[in-house]
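All remarks here apply to the structure that follows.
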Amino acid sequence: MAWTRDDMAARAAKELRDGFYVNLGIGIPTLVANMIPEGMTVTLQSENGMLGMGPFPFEGEEDADLINAGKQTITDLPQTSYFSSADSFGMIRGGHINLSILGGMEVAENGDLANWMVPGKMVKGMGGAMDLVAGVKRVVVVMDHCDRSGASKVKKACSLPLTGKGVVDLLITDLGVFEIDKQAGRAALIELARGVTLDEITAKTEASFSVALR
Amino acid sequence: MAWTRDDMAARAAKELRDGFYVNLGIGIPTLVANMIPEGMTVTLQSENGMLGMGPFPFEGEEDADLINAGKQTITDLPQTSYFSSADSFGMIRGGHINLSILGGMEVAENGDLANWMVPGKMVKGMGGAMDLVAGVKRVVVVMDHCDRSGASKVKKACSLPLTGKGVVDLLITDLGVFEIDKQAGRAALIELARGVTLDEITAKTEASFSVALR
Amino acid sequence: MSHKVFKDAAAALEGLTFDGMTVMSGGFGLCGIPENLIRALRDSNARELTVIGNNVGCDHHGMWLVLANNQIKKVLASYVGENKILEQRFMSGEIEIEFNPQGTLAERIRAGGAGIPAFYTRTGYGTKVAEGKETRQFNGEWYVMETGLVADLSLVKAWKADAEGNLVYRKTARNFNPMIATAGKVTVVEVEEIVPVGSFDPDQIHTPGIFVDRIVVGAHFDKHIERRTTRPRTENA
Amino acid sequence: MSHKVFKDAAAALEGLTFDGMTVMSGGFGLCGIPENLIRALRDSNARELTVIGNNVGCDHHGMWLVLANNQIKKVLASYVGENKILEQRFMSGEIEIEFNPQGTLAERIRAGGAGIPAFYTRTGYGTKVAEGKETRQFNGEWYVMETGLVADLSLVKAWKADAEGNLVYRKTARNFNPMIATAGKVTVVEVEEIVPVGSFDPDQIHTPGIFVDRIVVGAHFDKHIERRTTRPRTENA
Numbered sequence: 001m002a003w004t005r006d007d008m009a010a011r012a013a014k015e016l017r018d019g020f021y022v023n024l025g026i027g028i029p030t031l032v033a034n035m036i037p038e039g040m041t042v043t044l045q046s047e048n049g050m051l052g053m054g055p056f057p058f059e060g061e062e063d064a065d066l067i068n069a070g071k072q073t074i075t076d077l078p079q080t081s082y083f084s085s086a087d088s089f090g091m092i093r094g095g096h097i098n099l100s101i102l103g104g105m106e107v108a109e110n111g112d113l114a115n116w117m118v119p120g121k122m123v124k125g126m127g128g129a130m131d132l133v134a135g136v137k138r139v140v141v142v143m144d145h146c147d148r149s150g151a152s153k154v155k156k157a158c159s160l161p162l163t164g165k166g167v168v169d170l171l172i173t174d175l176g177v178f179e180i181d182k183q184a185g186r187a188a189l190i191e192l193a194r195g196v197t198l199d200e201i202t203a204k205t206e207a208s209f210s211v212a213l214r
Numbered sequence: 215m216a217w218t219r220d221d222m223a224a225r226a227a228k229e230l231r232d233g234f235y236v237n238l239g240i241g242i243p244t245l246v247a248n249m250i251p252e253g254m255t256v257t258l259q260s261e262n263g264m265l266g267m268g269p270f271p272f273e274g275e276e277d278a279d280l281i282n283a284g285k286q287t288i289t290d291l292p293q294t295s296y297f298s299s300a301d302s303f304g305m306i307r308g309g310h311i312n313l314s315i316l317g318g319m320e321v322a323e324n325g326d327l328a329n330w331m332v333p334g335k336m337v338k339g340m341g342g343a344m345d346l347v348a349g350v351k352r353v354v355v356v357m358d359h360c361d362r363s364g365a366s367k368v369k370k371a372c373s374l375p376l377t378g379k380g381v382v383d384l385l386i387t388d389l390g391v392f393e394i395d396k397q398a399g400r401a402a403l404i405e406l407a408r409g410v411t412l413d414e415i416t417a418k419t420e421a422s423f424s425v426a427l428r
Numbered sequence: 429m430s431h432k433v434f435k436d437a438a439a440a441l442e443g444l445t446f447d448g449m450t451v452m453s454g455g456f457g458l459c460g461i462p463e464n465l466i467r468a469l470r471d472s473n474a475r476e477l478t479v480i481g482n483n484v485g486c487d488h489h490g491m492w493l494v495l496a497n498n499q500i501k502k503v504l505a506s507y508v509g510e511n512k513i514l515e516q517r518f519m520s521g522e523i524e525i526e527f528n529p530q531g532t533l534a535e536r537i538r539a540g541g542a543g544i545p546a547f548y549t550r551t552g553y554g555t556k557v558a559e560g561k562e563t564r565q566f567n568g569e570w571y572v573m574e575t576g577l578v579a580d581l582s583l584v585k586a587w588k589a590d591a592e593g594n595l596v597y598r599k600t601a602r603n604f605n606p607m608i609a610t611a612g613k614v615t616v617v618e619v620e621e622i623v624p625v626g627s628f629d630p631d632q633i634h635t636p637g638i639f640v641d642r643i644v645v646g647a648h649f650d651k652h653i654e655r656r657t658t659r660p661r662t663e664n665a
Numbered sequence: 666m667s668h669k670v671f672k673d674a675a676a677a678l679e680g681l682t683f684d685g686m687t688v689m690s691g692g693f694g695l696c697g698i699p700e701n702l703i704r705a706l707r708d709s710n711a712r713e714l715t716v717i718g719n720n721v722g723c724d725h726h727g728m729w730l731v732l733a734n735n736q737i738k739k740v741l742a743s744y745v746g747e748n749k750i751l752e753q754r755f756m757s758g759e760i761e762i763e764f765n766p767q768g769t770l771a772e773r774i775r776a777g778g779a780g781i782p783a784f785y786t787r788t789g790y791g792t793k794v795a796e797g798k799e800t801r802q803f804n805g806e807w808y809v810m811e812t813g814l815v816a817d818l819s820l821v822k823a824w825k826a827d828a829e830g831n832l833v834y835r836k837t838a839r840n841f842n843p844m845i846a847t848a849g850k851v852t853v854v855e856v857e858e859i860v861p862v863g864s865f866d867p868d869q870i871h872t873p874g875i876f877v878d879r880i881v882v883g884a885h886f887d888k889h890i891e892r893r894t895t896r897p898r899t900e901n902a
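Listed below in structure tokens is the structure:
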């Protein structure tokens, strides 16, 4: 069973709070934009220089001067503001964004995150990911629990080069949810995905973790 | 004889070049604004956040939101731009201003400048002076050669706390003009004021200097 | 109306002030100061304040009111002239003043708001300002290390706001306000007018709403002018 | 017309390009790139360039043209995907790439333009990015020292300019352009339109003219869109 991509995005959406300013990464995190609860005001930041990101444009109304950090054409909203990349990352680095939801390749039990390069493969660059995980108040990673070979991506220690050291607050996988105490460097399993047993997730997790199911 | 305040400002105005961006300090330097040669474009910066400073307003047209760094009411011009203090001093510190003309209490032969405090007297603060002398490409100081007791303000070494170390390029006093080689730490007398003799200026100057009259 | 908009300056500071806190306030001289919020800060009677700003008001105006009410313990500023009470208390040692070069102060506040704990500047090298600070060379030139500044409370004056907290400043009243808006744990803004969301051109917002926690329309603006300088109408210009 | 305005992109770069120089270019992906000036840079045939920017174009567009013409030796960027030639030359060791976190890159350029030789950031601490760099603690947290960046030549895309060089950008085409405008020994700007001096509201100028040396109206704008994403018109939104 386990969770689908939409389920994982829906679980991530539960981290939203009224009035939050949020940065969403590419992939599953982008889906969260469509799952903001009715009546809740959430403002989306795009790190290329925009606060208040709107939906995709209607066909024929694309504007080459208006894209998000994933280089997709988007629209603005009545409350939108534009600013430079320096101001945008001042906002991020200065801790003004409440929540960053992004993808991962590996997360370690101490909150280390790897999501930007695989040695030996072409490196495309980290973009804004290192700044986001270093600067945003609360960092949520959404990723598959295991890679295609079945190996755990939830690690004792990351084997891939890090994006940030001790930066992940919450990890959502297709099998469950872990809360990470970055100070203590420890992970706790707080939720199981639909149809997933504690035995299954334990077997598929390299990291050590305590169990504190809610 | 020697130079009047207007003479000194007129001499300072000779340092202007077409297309220059210039910051003028309080006192004699302010007079330079009225001495920009016909046909020359000089843009005045005010460090509180304005480029393109206009003249004083007509009576009754003062705007409390529009003052210069001396807190005088002023006006803007068609080319004016406003910006924050951080952006203004980015402009100054980053070396984008061509010329700063400001007053001094003491200048030493190596280009040291003191103009912000006298020990034992109330300290009002340095305002933007330290940033200007540290950041602007060319720094011209205009001041009286001697204090009221007749003591030289052109020193071997400043006795007052410094505003900047090795920062003055040109010193204009009521008795003459000195060019300072900041790298070598040496001053050269390049002009005598009207009616001033080499003997007189030598007698009234504590600093050592070479003579290279033009 | 948004939850960010408050009915008056006292309400906008409600629950935010406490003894020993650090308060930043925008303005250059009396130009662009949050005068209504400053009066509310005085009325809050919070004491032992550390106040950060380019100036500390001048006689009978602006932050002078808080100073005269004996609420200030320490000041970080670049210029404190035209302020007799401050002079007296500084000379008598009752108030501590840390003088900062104006550009260094502006950059320290910007750094604080942008998550930069320290930076290097040539400003002040070889002067009293550098005493006790790390100095080092880059490319053969000497620089001084300066640290970022943040505050428990930032008081900002803008011209207009919308209910999202987007701000626009006017002329040289902008000065320190945009950086101070970013450097407060809580940022409260007073404006002359609140306009409907969508009124601003999104390319032309000086401070995005993310930095603003509370907004109030100032009840009364003195906008006292320190040096009224004019030219005669007969002059050709 | 001001001495800052040039007749075409080639004229605007005349005398400014040389082998081994450092060139900064604005843009995020292909959004807000100075595409006319980039074509003129290609035609200049200046070689052994170090290019600084968030990206280095993408296949057949933007700085890719300069890359494909074998003019680039080294790149400082945050993301270089969608660029096959760059991938090949990087993997083969022909081109050096220094990867910078996007915010660190933006801040390094801002610092360069603002006379700040170095600053500290939490970004990249404990990662490859921090290798060989000074790290230190402030208030119990670890930070990495990053240095300011300047360039021999900055190429900027703005929406509109006046003849004084005052600039206004449009939407997310602003991105790296404002900082890059401040960090060039010489800054050349291409715009879609030159408006008369006095047309801009002085409160609403993004880049003051002091930073701009030369201006040209771009002859042709592709404005290629990398990822055209739309929603159907039937949808309610």
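Chains A, B, C and D are the protein sequences, given in the same order. When we follow the numbering used here, the leftmost residue of the first sequence carries the number 1, and every step to the right adds one. When we follow the numbering used here, the leftmost residue of the second sequence carries the number 215, and every step to the right adds one. When we follow the numbering used here, the leftmost residue of the third sequence carries the number 429, and every step to the right adds one. When we follow the numbering used here, the leftmost residue of the fourth sequence carries the number 666, and every step to the right adds one. Beta carbons: idealized from backbone N, C-alpha and C, even for Gly. Here the structure is a predicted model, which is why all the values come from computation and not from measurement.
| Item | Value |
| --- | --- |
| Please tell me whether T73 of chain A and T894 of chain D are closer than 8 Å, where the distance is taken between their beta carbons. | yes |
| Between which two residues does the alpha helix (DSSP H) harbouring G849 of chain D extend? | Per DSSP, G849 of chain D belongs to no alpha helix (DSSP H); it is in the beta strand (DSSP E), 849–856. |
| Tell me whether I845 of chain D sits in a helix, a strand or coil according to DSSP, three-state version. | helix |
| Taking just the CA atoms, how far does K672 of chain D sit from M573 of chain C? | 45 Å |
| If we cut at 8 Å on Cβ distances, does R773 of chain D have a partner in chain C? | no |
| How many Å lie between V167 of chain A and K137 of chain A at the Cα? | 10 Å |
| List the residues that DSSP assigns as beta-bridge partners of Y808 of chain D. | D:R801 |
| Closest to V614 of chain C by CA distance: which of C:L458, C:D629, C:G646, C:G541 is it? | C:G541 |
| Would you check if the region 441–458 of chain C and the region 478–489 of chain C touch, i.e. whether three or more CB-CB distances between them fall below 8 Å? | yes |
| Relative to the C-alpha of K182 of chain A, which candidate in A:A108, A:K124, A:E191, A:G128 has its C-alpha closest? | A:A108 |
| Give the range of the alpha helix (DSSP H) segment to which S94 of chain A is assigned. | Note on residue identity: the sequence assigns Gly, not Ser, to residue 94 of chain A. Note, G94 of chain A: premise wrong, no alpha helix (DSSP H); not H, not E. |
| If we require 3 or more residues per run, which beta strand (DSSP E) segments fall completely within the region 451–512 of chain C? | 477–480, 500–505 |
| Pairs of beta-carbons, one from the region 48–62 of chain A and one from the region 167–179 of chain A, closer than 8 Å: are there three or more? | no |
| Closest to K836 of chain D by C-alpha separation, out of A:A10, A:M1, A:L66, A:F20, would be which residue? | A:L66 |
| Would A405 of chain C pass as a contact of K585 of chain C if the rule is Cβ separation under 8 Å? | Not covered by the structure: residue 405 of chain C. The range shown for chain C is 429 to 665. |
| Is the CB-CB distance between L376 of chain B and A328 of chain B below 8 Å? | yes |
| At a cut of 8 Å, does the region 194–210 of chain A reach the region 305–322 of chain B through at least three beta carbon pairs? | no |
| In its own chain, which residues sit with a C-beta less than 8 Å from the C-beta of M666 of chain D, not counting the 5 before and 5 after it? | Note on M666 of chain D: pLDDT 40, under 50, position unreliable in the model; the coordinate value appears next. The answer, listed in chain order, is A828. |
| Report yes if the C-beta distance between A826 of chain D and V853 of chain D is below 8 Å; otherwise report no. | no |
| Tell me which residues share the same chain as Q293 of chain B and place their Cβ nearer than 6 Å to its Cβ, disregarding the 5 neighbours each side in the sequence. | G266 |
| When DSSP labels each residue in this structure, what does D181 of chain A get in the three-state scheme? | strand |
| Does any C-beta atom of chain C lie closer than 8 Å to the C-beta of R219 of chain B? | no |
| With distances taken from CA atoms, which of A:D131, A:T173, A:K124, A:P29 is nearest Y785 of chain D? | A:D131 |
| Given this structure, state the Cα-to-Cα distance separating G341 of chain B from V451 of chain C, to the nearest angstrom. | 20 Å |
| Tell me the rounded alpha-carbon separation between P462 of chain C and G646 of chain C. | 8 Å |
| Within the 8 Å Cβ cut-off, does D76 of chain A reach chain C? | yes |
| Grab me the residues of R754 of chain D's own chain with a C-beta within less than 6 Å of its C-beta, minus the 5 sequence neighbours each way, in chain order. | I760 |
| Have a look at A:A184, A:S159, A:R186, A:A12 and flag the residue whose alpha-carbon is nearest the alpha-carbon of V141 of chain A. | A:A12 |
| Could you list the residues in the region 838–872 of chain D with a C-beta less than 7 Å from some C-beta on chain B, going in chain order? | T847, V862, G863, P867, D868, I870 |
| With DSSP as the reference, please indicate the residues paired to Y785 of chain D in a beta bridge. | D:M810 |
| What is the DSSP secondary structure of A348 of chain B, reduced to helix, strand or coil? | helix |
| On the three-state DSSP scale, how would you describe V584 of chain C? | strand |
| Just mark D868 of chain D as buried or exposed, buried being the case when its beta carbon has 16 or more other beta carbons within 10 Å. | buried |
| For the putative contact between E435 of chain B and L313 of chain B, defined by C-beta atoms under 8 Å, what is the C-beta separation to the nearest angstrom? | Outside the displayed span of chain B (215 to 428) sits residue 435 of chain B, for which this structure offers no information. |
| Specify, as a first and last residue, the run of the alpha helix (DSSP H) that R11 of chain A falls within. | 5–13 |
| So, A348 of chain B versus Y553 of chain C, is the Cβ gap smaller than 8 Å? | yes |
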